[in-house]
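Q:
Numbering (the working numbering), first residue to last: 65 to 755.
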């Protein structure tokens, strides 16, 4: 019989921890929560201090029975769920189910699953923190009130299966408001003049800056003509040379939101996938002779703190691998976010010495890629700043000024290991200028004007949306991935080229919430609610008071919506074609992934068809059909013949209505990072890349 029973959430975690604790400890998994609010009813008594009605989760009876049997045999039970509000609530529910005294030293927390961290945590058990539990209960009950009170109204007035959550409604509002900005955007014309210049045989680029030493914007073709009229010949004089040394500091280690953003940029991971793989790395990977080891610290965090032992180990590694000059002179930490709970550390490798190359044989491709990202980000955060030599040169001709800028990496510092990705900028690279001095003469080789138009704000990618929610103080680390998941599953938004676009259904739902429950989509209100939950966690506010204050205004709004919200019928739009199976008209319907065609004779006829988009290109394979745009099961766009399955032509790249001048086969547009390249499907013919 084991002396001690330890309960964690997952079997993988249990297996790793049991190795570190020895024979006296038996570690079992609860498989997440064992109790929750019922799914069939609201489960909250609003008349009696919002008392929640918890029940054993369906399917967890056998798990709970096994835990109860093990608990009776053990001298002591330790509850070792994750070190956050959710984990504290799981521990509290387990204590209640297993008759464990919540005031006893039954709770054990650790930020990483390593031998030292686990053994140290068991030396300092504590009682269950009811402030953390109450903060989690308040969130759960609040979300239940919003979801289970508004959703039935939407079901009745719009269609079944809809929902309205606090964080998801704000996320939906951001996406729809951005779409409105894009539709309402009026482009403004502007011009630029770029030139190639020669100093001796060395060529360099410069751009028009201004006239008579003052910056000038070019808003029309007339402005450009005026500039060219003032330029006399092709001789320019170097008017001013400015040389500076610039420092570039490394990024701080990852928190949950920045990990999701960077994994989206660099690895093309969705938020959900990032968190799933991070969970695997945290819970432990079998490293052969070393057994199962947790490779990263806890991945749901909004703190950038780093343990001193981790800093010391990283410093030793950097000095040995790169030299002393690459060591950071001080610990790099981000400016403390006022919303950060700072409960634990940033996301980092549990040991810097386990570099990605040493783990290649033990990790899957995606696990290795994410671990490499986390490892490089952490190591670089402990390294010295990069030093760049920058040079700015002003060239003048009869008062017309062009400016050339260049930079050279003098000392790479942290950039030797990792450079943070950015949605809007190109990574820093050497842009060298010739050796120029004031008074030198240079000659223009080619000076060309270009017309531009201002662009609307971009649609949200997952990374941009997570960043915006975080900046607004909406949600917390554990909520971002499920929020993005929910608004897609409900059919409120779709993805086009990895960017969110609202559906008609999403716009209808938001408009109803905006009219009858404006506080639910009010950014400031939702952010303040998050702050109030933090106050509960800190023991400054009673959780009942928060719910009471919210429900006083919410309850009459529910009554008003029930009585005044008009029933909206989403009419089926005729598709203009007949069903090939029964002859009835086909109609457009709204589904989980947007619109599709279905037979109007449903349910007698269940024929459905995807909506295909003609691109005006004949099929090169059968020469009878035309190429249409389709979507795969994973929502990726591809191109195929409309005669499928008779003709099986398929291309991931968009075909165009021109033939290859070299071999007469089809040309396609291939999307690259910096633009689009037209190339042949068969031979090596390529055209110049278009931006």
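A virtual CB, placed ideally from N, CA and C, is assigned to each residue, including glycine.
Use the C-beta contact count for residue 232: other C-beta atoms within 10 angstroms, 16 or more gives buried, fewer gives exposed.
A: Buried, since its Cβ has 16 or more Cβ neighbours within 10 Å.
Q: What would DSSP say about residue 75, mapped onto helix, strand or coil?
A: Three-state DSSP puts residue 75 in a helix.
Q: I need the straight-line Cα distance from residue 344 to residue 643, nearest angstrom please.
A: Their Cα atoms are separated by approximately 48 Å.
Q: Sorted by chain position, which residues of the same chain lie with C-beta nearer than 7 Å to residue 84's C-beta, five sequence neighbours on each side aside?
A: Once the five neighbours on either side are set aside, the close Cβ partners of residue 84 are 179, 182, 183.
Q: Taking all protein chains shown into account, do 16 or more other C-beta atoms lie within 10 angstroms of the C-beta of residue 367, making it buried, or fewer, making it exposed?
A: Buried.
Q: Just the Cα atoms here: how many angstroms apart are residue 355 and residue 432?
A: C-alpha separation (whole angstroms): 18 Å.
Q: Between residue 313 and residue 527, what straight-line distance do the alpha-carbon atoms span, to the nearest angstrom?
A: The straight-line gap from Cα to Cα measures roughly 22 Å.
Q: Report back the beta-carbon spacing between residue 465 and residue 274 to the nearest angstrom; my notes put them in contact at under 8 Å.
A: Right, the Cβ-Cβ distance comes to about 5 Å (below 8 Å), so this counts as a contact.
Q: Can you tell me which of 565, 430, 451 puts its alpha carbon nearest to the alpha carbon of residue 241?
A: The candidate whose alpha carbon is nearest that of residue 241 is 565.
Q: Below 8 Å CB to CB, which residues in the same chain sit around residue 76 once its five sequence neighbours on both sides are set aside?
A: Hits under 8 Å: 344, 347, 348, 356.
Q: If contacts are defined as beta-carbon pairs under 8 Å, then residue 382 and residue 316 qualify, I think. What distance do you get, rounded to the angstrom?
A: Their Cβ separation, rounded to whole angstroms, is 16 Å, which puts residue 382 and residue 316 out of contact at 8 Å.
Q: Got a sec? Which residues, its chain only, sit under 6 Å from residue 625 by beta carbon, not counting five neighbours each side?
A: The answer, listed in chain order, is 217, 580.
Q: Decide yes or no for the touch test of the region 686-701 against the region 733-748: beta carbon pairs closer than 8 Å, at least 3 of them.
A: With a cut-off of 8 Å, the region 733-748 and the region 686-701 do not count as touching, because too few Cβ pairs lie within range.
Q: Please list the terminal residues of the continuous alpha helix (DSSP H) segment that includes residue 452.
A: Per DSSP, residue 452 belongs to no alpha helix (DSSP H); it is in the beta strand (DSSP E), 450-461.
Q: Given residue 611, which residues of its chain have a CB within under 8 Å of its CB, disregarding the five upstream and five downstream residues?
A: The answer, listed in chain order, is 114, 202, 205, 206, 209.
Q: Determine the burial state of residue 322: buried for a count of at least 16 other Cβ atoms within 10 Å of its Cβ, exposed for fewer.
A: Residue 322 comes out buried.
Q: Compare the C-alpha of residue 276 against each of 537, 505, 467 and name the closest.
A: Residue 467 is the option with its Cα nearest to residue 276.
Q: What beta strand (DSSP E) runs, 3 residues minimum, are completely inside the region 533-621?
A: Segments of the beta strand (DSSP E) lying fully in the region 533-621: 557-560, 563-566.
Q: Can you round the beta-carbon distance between residue 450 and residue 478 to whole angstroms, since I take them to be within the 8 Å contact cut?
A: 6 Å between Cβ atoms; contact.
Q: Classify residue 200 as buried or exposed, calling it buried when 16 or more other Cβ atoms lie within 10 Å of its own Cβ.
A: Buried, because 16 or more other Cβ atoms sit within 10 Å of the Cβ of residue 200.
Q: Assuming contact is defined by CB atoms lying nearer than 8 Å, are residue 110 and residue 615 in contact in what I supplied?
A: Yes, the Cβ-Cβ distance between residue 110 and residue 615 is below 8 Å.
Q: Assign residue 175 to buried or exposed, taking buried as 16 or more other Cβ atoms, counted over all protein chains shown, within 10 Å of its Cβ.
A: Residue 175 should be labelled buried.
Q: Could you give the C-beta distance for residue 94 and residue 71, rounded to a whole number, given that I count them as a contact under 8 Å?
A: Going by Cβ atoms, the distance from residue 94 to residue 71 rounds to 6 Å, so yes, they are a contact pair.
Q: Where does residue 730 fall in DSSP's three states?
A: If DSSP states are grouped into helix, strand and coil, residue 730 belongs with the strands.
Q: Closest by CA to residue 148, which one among 79, 169, 195?
A: Here the closest residue by C-alpha is 195.
Q: Apply the 10 Å Cβ neighbour rule to residue 497 and answer buried if 16 or more other Cβ atoms are within range, or exposed otherwise.
A: Its Cβ being crowded by 16 or more others within 10 Å, residue 497 is buried.
Q: Am I right that residue 369 and residue 326 are in contact with their C-beta atoms under 8 Å? What's the rounded C-beta distance?
A: Actually they are not in contact, since the Cβ atoms of residue 369 and residue 326 sit about 19 Å apart, beyond 8 Å.
Q: Residues bridged to residue 255 by DSSP?
A: Partner(s): 515.
Q: Inspect the CB distances between the region 664-681 and the region 713-723 and report whether three or more fall short of 8 Å.
A: Touching, yes, given that three or more Cβ pairs across the two stretches are closer than 8 Å.
Q: Spell out a yes or no on whether the region 121-137 and the region 162-169 are touching, meaning 3 or more CB-CB pairs, one atom from each, closer than 8 Å.
A: With the cut-off at 8 Å, the region 121-137 and the region 162-169 touch.
Q: According to the neighbour-count rule (16 or more other Cβ atoms, all chains shown, within 10 Å of its Cβ), is residue 27 buried or exposed?
A: Given a span of 65 to 755 for the chain in the structure shown, any question on residue 27 remains unanswerable.
Q: So what's residue 414 in DSSP terms, helix, strand or just coil?
A: DSSP places residue 414 in coil when its eight states are reduced to three.
Q: Given that a residue counts as buried once 16 or more other Cβ atoms are within 10 Å of its Cβ, and exposed if not, what is residue 249?
A: Residue 249 should be labelled exposed.
Q: With C-beta atoms as the reference, is residue 342 less than 8 Å away from residue 434?
A: It is a contact, given that the beta carbons lie within the stated cut-off.
Q: So if DSSP puts residue 743 in a beta bridge, which residue, or which two residues, is it bridged to?
A: For residue 743, which the question treats as bridged, DSSP gives the partners 732, 750.
Q: Consider the Cβ of residue 75: report whether some Cβ of chain B lies at a distance smaller than 8 Å.
A: The chain inventory of the structure shown lacks chain B, comprising one protein chain alone.
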